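A.B. asks: Once you've had a glance at the structure underneath, I'll fire off some questions.
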Amino acid sequence: MPTFILIPNGDIIQQWDSSGGGASSYTDVDNDNGDTEYAYSRTNNERMIVDMTTPLGAGITPSDVDTIDSVTIKISAAYTHASLNTGVTVQQGGLAADSSSISNGSDTIAVASGGSYATYSGAAETTSDGSDAWVYGDLTGLQLSLTKFRSSRFGELRISYLYAEVAYTAAAAEDNATFFGANF
Numbered sequence: 674m675p676t677f678i679l680i681p682n683g684d685i686i687q688q689w690d691s692s693g694g695g696a697s698s699y700t701d702v703d704n705d706n707g708d709t710e711y712a713y714s715r716t717n718n719e720r721m722i723v724d725m726t727t728p729l730g731a732g733i734t735p736s737d738v739d740t741i742d743s744v745t746i747k748i749s750a751a752y753t754h755a756s757l758n759t760g761v762t763v764q765q766g767g768l769a770a771d772s773s774s775i776s777n778g779s780d781t782i783a784v785a786s787g788g789s790y791a792t793y794s795g796a797a798e799t800t801s802d803g804s805d806a807w808v809y810g811d812l813t814g815l816q817l818s819l820t821k822f823r824s825s826r827f828g829e830l831r832i833s834y835l836y837a838e839v840a841y842t843a844a845a846a847e848d849n850a851t852f853f854g855a856n857f
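So the sequence shown is numbered by my numbering: it starts at 674 and just counts up by one.
As structure tokens, this is what we get:
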């Protein structure tokens with residue numbers, strides 16, 4: 674099954690801090706570069722909500738896609754405390770193609786201590802709202818939300834990469850050769 678990724682391209686809410694100082698931005702989590710650039714939090718319930726690129730931005734057109742099979746939030750995260758774990762809640766949101774809300778629940782991810790980056794995944798969500806299957810147009814309004822939990826004043830939860838992995842069924846390629854060969 675083919676996949677493509679959508680990366681952050683705008684800020685909605687930023688309560689996390691930036692590795693470069695000041696408030697974080699979507700640019701702190703839009704590429705996988707480890708400790709070079711990241712967003713971090715030490716405080717319980719701090720949120721980060723970002724807009725995502727559209728499928729066109731990822732080079733995928735509506736004619737490339739038959740069905741959207743699932744959307745999965747993925748993060749590259751590290752926790753700097755030597756022995757305690759921390760966590761983050763991830764959630765998909767935004768505006769669906771039919772103007773309803775994208776809301777399919779949230780996932781709680783435990784991030785291991787020790788300071789090494791690892792990739793963590795939320796659930797592969799097969800619906801945009803808990804009941805309706807994803808459609809291509811839903812992805813144009815997708816937003817991802819992270820909320821820090823398990824406060825720790827001694828360690829930082831660091832996120833260097835945040836993205837949505839979209840699994841889809843490719844549209845069948847048209848074969849005009851059969852039509853023209855058989856009819857002319």
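Where a beta carbon is used, it is the ideal one built from N, C-alpha and C, also for glycine. Owing to the predicted nature of the structure, the values given are computational and were not obtained by experimental measurement.
1. What are the partner residues of Ile678, as DSSP defines its beta bridges?
2. So Val702 and Tyr752 are in contact, right, with Cβ under 8 Å, and what is the actual spacing, rounded?
3. By the three-class DSSP mapping on this structure, what secondary structure does Ala731 have?
4. For Pro728, collect the residues of the same chain with a Cβ closer than 6 Å to its Cβ; drop the 5 residues on either side in sequence, then sort them by chain order.
5. Check Leu757 in the structure and name its three-state DSSP category.
6. Identify the residues that DSSP records as bridge partners of Leu830: which are they?
7. Reducing DSSP to helix, strand and coil, say where Tyr699 ends up.
8. For Tyr790, does the three-state DSSP call read helix, strand or coil?
C.D. replies: According to the structure shown:
1. Against the sequence shown, residue 678 aligns to sequence position 5. BP columns for Ile678 point to Glu838.
2. Residue numbering aside, residue 702 sits at position 29 when the sequence shown is read from its first letter. Residue numbering aside, residue 752 sits at position 79 when the sequence shown is read from its first letter. Contact doesn't hold; Cβ gap of about 16 Å is too wide.
3. Within the sequence shown, residue 731 is the residue found at index 58, counting from 1. It is helical.
4. If you number the sequence shown from 1, residue 728 lands on position 55. Around Pro728: Leu812.
5. Working through the sequence shown from its first residue, we reach residue 757 at position 84. The answer is coil: DSSP assigns Leu757 none of H, G, I, E or B.
6. The residue labelled residue 830 in the question sits at position 157 within the sequence shown. Leu830 has Ser714 and Tyr752 as its beta-bridge partners, per DSSP.
7. Taking the first residue of the sequence shown as position 1, residue 699 is located at position 26. Three-state DSSP puts Tyr699 in a helix.
8. For this step, residue 790 is matched to residue 117 along the sequence shown. Note: Tyr790 maps to coil in three-state DSSP.
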